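Enquirer:
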Amino acid sequence: MPGTPLPDAEELLAALTDQMRSHVGPDCGLIGIHTGGVWLAERLHHALGIKVPLGTLDVSFYRDDYRKIGLHRDVKPSQLPFDVEGRHLVLVDDVLYTGRTIRAALNELFDYGRPASIRLAALVDRGGRELPIAPQFVGAAITLAPGQSVELQRAGSGRLALVLHEA
Amino acid sequence: MWLDPSNPQLNKNGELHHLLSIEGLPANVLWQILDTARSFVGVTQREVKKVPLLRGKAVFNLFFEPSTRTRTTFEIAAKRLSADVINLAINVSSQTKGESVLDTVANLSAMQADMFIVRHAASGAPYLIARHVAPEIHVINAGDGRHAHPTQGLLDMFTIRHYKENLSNLRVAIVGDILHSRVARSQIHALTTLGCPEIRVIGPRTLMPSQVESLGVHVYEDMRQGLKGVDVVMMLRLQSERMQGALLPSAQEFFKYYGLTEDKLALARPDAIVLHPGPMNRGVEIDSSVADGAHSVILPQVTFGIAIRMAVMSILAGN
C-alpha cells in the first residue's frame, strides 16, 4: 500500500532547528537517543551553538520489552558529559511512535540526577502513542499504514534520509 | 527449552543460556558480552549505579568452595541489575557430593530461583546443575575445579581490550601454575577465540599440563625468555597447597624463577600491562613493586569484573 512519499530528512531537520532556535539556550543539555537521535543531536548541537557537550543515551538497560525479547545486541554506552542535576534538557529522537523509548530514556535520565526540565524533539511523529508522551519540537507528523515503519539512515557523506520498511 | 547436547550453554538460536565455559563459545557471543560490559562500566560510574533489568529476579550465589572476591563481585553485579541476591556458602561433605548438590539445587529451585552462580571444587559441577535445572533457570560457572572460570577469562579480555584496544596484534604471556589453573584455561580459550595471534605459557614443567601445546600456545620454562617483547603479562595465583604436594621446592625458589619482578618485566614491551586474578601472594608470584607499579592493571580488573558479570547476567536472563 503506497502511502504519501516520505519527507526529506534534511528539510525536516532544518525546520526542527528553526523551531528550537529561540527555545533552546546554549546551557541546555542536548541528549541524542541511539542511534538516529544521536546523529540528529550532533547536527542540532552544532547548529544551535550549544556550549554544553553533547549527551548520548542508549536505553537498552531500561526497555520494557527486555523480558520479551532480551537484551538488545550492540548496546552503546550512554554518555552524559555534564551534570544533569538542575539542568534544562532536550531529548532528541528520530522517530516518535509508541513513546516507550522515551519512557525508558526518562527513567535512565533520572538515575543521573534531577533535571530542571526535559523537553522532547523528534524528527518525525508517526502517531500511535501508547503512553502519555508528547513532543515539544517536531519536524513533521506523518501517517503510516499498519505494518509500515520508518527508519533514519545516514549516508557516508553525513546526509540523513528517511527510509520506509514494509512488514 | 531445547539445548544443544554438545554445547549445553547455547539455546536453539545460538544464544547464551548458561555460561559454563569459554571453550565452545563462538567469537560473536564473546564480543557481545565484552561490548555490553562496556556500557555497564558507564552505569557503575553514575550517581545511581543501578539499572532495572533484573528487577524481581532471584539470583542465588551457590558457593561450595570458599571465595570472597568472586562472590562479592557477583553479588554487586546482581544488585546493580536490581536482582535480589541470596548468598549460600555450602560445605560439601565429600561422600554425598553428587547427590547433595542436586538436592540443594532442587530445593532452591522450589524457592523460585531464576539464576544460579556456582563455585565448586569439582570440575564439571556447574554442568551437572545446568543439566538438571528447569529450562527457565540460568547457570553461571563461577569457577569449577581445574576446569574453567569463564567470567574471570572474560574480564581479563575486557581489561586487555580496554588498554590495548585490539587483541589481534598482541603477544600475551600467562605465567605460573598453569596445571591447576581454571583461570589459565579460560584465558587461553578466550584469547584463541578472539584471535590473539601469540599466546605463551610460562612455568615450571611440574606445573604445566601435558600436551598444553595442543591448545595452540607456546611453552616457556625460562621466564626471561618467555617475557621478551610481550604486550600483556597475566600472572596466576600460586595456591599454597601446591607447595606441599612436592610440585615445588619452596615459595622463595618459585619467586626466584617465576616471580614477576621489575627486572623481569623490563624484558616485556615498555607499554606492557600486568594482570592478576587475585588474591595476590606478594613475594611469591609477584613483587610488590610490580603489583603496585605503573604497568599494573590489577585493580581496574576488579572494577571491570563487575561490569562483565552484569553483562553476562543480563544477556542470560534475557535469552
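Chain order of the listed sequences is L and S.
Our numbering applies: residue 30 is where the first sequence begins, and numbers increase by one.
Our numbering applies: residue -4 is where the second sequence begins, and numbers increase by one.
Glycine included, each C-beta is placed from N, C-alpha and C at the ideal position.
None of the values given here were measured: they were computed from a predicted structure.
1. Excluding the 5 residues flanking Ile162 of chain L on each side, which residues of the same chain have their C-beta closer than 6 Å to its C-beta?
2. Comparing C-alpha positions only, which one of S:Leu294, S:Ala108, S:Leu165, S:Leu233 sits nearest to Gly171 of chain S?
3. Cβ atoms of Arg304 of chain S and Thr146 of chain S: under 7 Å apart, would you say?
4. Would you check if the segment 50 to 69 of chain S and the segment 23 to 42 of chain S touch, i.e. whether three or more CB-CB distances between them fall below 8 Å?
5. With contact counted as at least three CB pairs below 8 Å, one residue from each stretch, are the segment 265 to 281 of chain S and the segment 204 to 215 of chain S in contact?
6. Which word fits Gln326 of chain S, buried or exposed, when buried means at least 16 other C-beta atoms lie within 10 angstroms of its C-beta?
7. Check whether the Cβ atoms of Leu49 of chain S and Leu76 of chain S sit closer than 7 Å, and answer yes or no.
8. Relative to the C-alpha of Ala179 of chain S, which candidate in S:His157, S:Lys159, S:Ala143, S:Ser209 has its C-alpha closest?
9. Would His63 of chain L pass as a contact of Asp87 of chain L if the rule is Cβ separation under 7 Å?
10. Taking DSSP as the reference, what is the three-state secondary structure of Asn23 of chain S?
11. Grab the span of the beta strand (DSSP E) containing Gln182 of chain L for me, first residue to last.
12. Relative to the C-alpha of Leu77 of chain L, which candidate in L:Gly99, L:Ala184, L:Gly54 has its C-alpha closest?
13. I'd like the list of long-range same chain contacts for Arg114 of chain S, defined as Cβ closer than 6 Å, with 5 residues on each side in sequence excluded.
14. Could you round the C-beta distance between Gln27 of chain S and Arg102 of chain L to whole angstroms and report it? I think they count as a contact, below 8 Å.
15. Counting only beta-carbon separations shorter than 7 Å, does Gln27 of chain S have a partner in chain L?
16. To the nearest angstrom, report how far apart Val167 of chain L and Ala196 of chain L are at their CA atoms.
17. Please tell me whether Glu126 of chain L has its Cβ less than 7 Å away from any Cβ of chain S.
18. Who are Thr85 of chain L's beta bridge partners in DSSP?
19. Over what stretch of residues does the alpha helix (DSSP H) that includes His127 of chain S continue unbroken?
20. Count the other CB atoms, across all protein chains shown, that sit within 10 Å of the CB of Arg72 of chain L; report buried if there are 16 or more and exposed otherwise.
21. What distance in whole Å lies between the Cβ atoms of Tyr253 of chain S and Met218 of chain S, which are believed to be in contact at a cut-off of 8 Å?
22. Assuming Ser291 of chain S contacts Glu257 of chain S (C-beta within less than 8 Å), just tell me the rounded distance between them.
23. Considering only DSSP beta bridges, list what Leu199 of chain L is partnered with.
24. Assuming the contact rule is C-beta atoms closer than 8 Å, Gly148 of chain S and Ala185 of chain S should be a hit. Round their C-beta distance to whole Å, please.
25. Give the interface partners of Glu42 of chain S over in chain L, defined as CB-CB distance under 9 Å, in chain order.
26. Leaving out the 5 sequence neighbours to the left and right, which residues in its chain are closer than 7 Å to Lys223 of chain S when beta-carbon positions are compared?
27. Is it buried or exposed for Ser176 of chain S, if we count other Cβ within 10 angstroms and need 16 for buried?
28. Who are the near neighbours of His194 of chain L in its chain, counting only those whose CB is closer than 8 Å to its CB and skipping five residues on each side?
29. Is the Cβ-Cβ distance between Gln165 of chain L and Leu149 of chain L less than 7 Å?
30. Just to confirm, is the Cβ distance from Val225 of chain S to Ile155 of chain S under 7 Å?
31. For Val288 of chain S and Arg143 of chain L, what's the separation of their Cα atoms in angstroms?
32. Roughly how far, in whole angstroms, is the beta-carbon of Ile132 of chain S from the beta-carbon of Phe111 of chain S, given that I think they are within contact range, below 8 Å?
33. Mind listing the chain L neighbours of Asn314 of chain S? Cutoff is C-beta to C-beta under 9 Å, in chain order.
34. Return yes when the Cβ of Gly84 of chain L is within less than 7 Å of the Cβ of Leu45 of chain L, no when it is not.
35. Leaving out five residues on either side along the sequence, give the residues of the same chain with a beta carbon under 7 Å from the beta carbon of Ala306 of chain S.
36. Tell me the DSSP secondary structure of Asn86 of chain S in three-state form.
Expert: In brief:
1. Gly128, Ile131
2. S:Leu233 is the residue among S:Leu294, S:Ala108, S:Leu165, S:Leu233 whose C-alpha sits nearest the C-alpha of Gly171 of chain S.
3. yes
4. Segments in contact, no.
5. The segment 265 to 281 of chain S is not in contact with the segment 204 to 215 of chain S.
6. One cannot answer for residue 326 of chain S here, as it falls past the ends of chain S, which runs -4 to 314.
7. yes
8. S:Ala143
9. The Cβ atoms of His63 of chain L and Asp87 of chain L sit closer than 7 Å to each other.
10. In the structure shown, Asn23 of chain S falls within a helical segment according to DSSP collapsed to helix, strand and coil.
11. Segment 177 to 183, the beta strand (DSSP E) holding Gln182 of chain L.
12. L:Gly54
13. Phe58, Glu60, Ser62, Ala137, Gly138
14. 6 Å
15. Gln27 of chain S counts as touching chain L.
16. 25 Å
17. Looking at the sequence provided, one finds Tyr at residue 126 of chain L rather than Glu. No - not a single Cβ of chain S is within 7 Å of the one on Tyr126 of chain L.
18. L:Gly61, L:Gln108
19. 120 to 127
20. buried
21. 6 Å
22. The pair is not a contact, with the Cβ atoms about 11 Å apart (cut-off 8 Å).
23. Given a span of 30 to 196 for chain L in the structure shown, any question on residue 199 of chain L remains unanswerable.
24. 4 Å
25. Within 9 Å Cβ-Cβ: Val113, Glu114, Asp140, Tyr141, Gly142.
26. Leu262
27. buried
28. Cβ neighbours of His194 of chain L beyond the five flanking positions: Gln177, Ser178, Val179, Glu180.
29. yes
30. no
31. The residue you asked about is not Val; residue 288 of chain S is Gly in the sequence shown. The straight-line gap from Cα to Cα measures roughly 40 Å.
32. 7 Å
33. Gly99, Leu100
34. no
35. Ile28, Thr31, Ala32, Phe35
36. coil
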